[in-house]
Amino acid sequence: MVVRKERGHPQVYPTKDPGLAEEVIQIGNVVTPVLSIYQDGEKLVMKLKTSLFSSEKSFVLGEEFDESFAGQKYRSVINLDGDKLVETQKWDGKTTIQTRKIQDGKMILTMSYKDTVAVRTYEKMAD
C-alpha cells in the first residue's frame, strides 16, 4: 500500500557549508524526485527515484539504522512528532535534521544543517 507518492520541486537549496559535496547540491537543484512512502509490516519504507539515481531506506520508527548517500555513511533515526516525520542523520560529528509534514495536500521537506535550511515541496501524484 503506497501512503504517499509525490514529485518534488526545489524551493531553496543551501549554497554554503552544506556538509555535502558541491556536485551533490547541483544534482539536487536539477532533479525532480519521486518519493514513495509506505508501510511494510512493522517497518516504513521510503523509495526515492530520480532520472540519475534511486535510493531506498527501510526503518522502524524510533530505532537507529545505518544508511549511505553519495558515498557518505550516516547513522539515522526517524521519529513521529505529532503530524511530522523527523529524521536525524549523524556522521563525522555532524548532524542534519529532515522534517516531513503534509500541509495543504503537499508534503513539505525541510532539511537543516547548522544555520542552513533547505525546503523542498512534493506534490501528490495520481495513483
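Sequential numbering of the sequence shown, starting at 181, is according to the working numbering. Just so you know, even glycine gets a beta-carbon here, dropped at the ideal spot from N, CA and C.
T268 and L232 have their alpha carbons spaced roughly 25 Å apart. Membership of V214 in the beta strand (DSSP E) is indicated by the continuous run 214 to 220.
Checking the DSSP bridge columns, you'll see S256 partnered with F245, Q269. Judged by pairs of C-beta atoms under 8 Å, the stretch 272 to 280 does not touch the stretch 238 to 248, as fewer than three such pairs exist. The residue among M305, R255, M287 with its C-alpha nearest the C-alpha of L265 is M287. Leaving aside the five residues that flank M226 on each side, the residues in its chain whose CB is nearer than 6 Å to its CB run, in chain order, I217, K237. Cβ-Cβ separation between L224 and L241: approximately 7 Å, consistent with a contact (criterion under 8 Å). G251 and W271 have their C-alpha atoms roughly 12 Å apart. Secondary structure at F239: strand, using DSSP grouped into helix, strand and coil.
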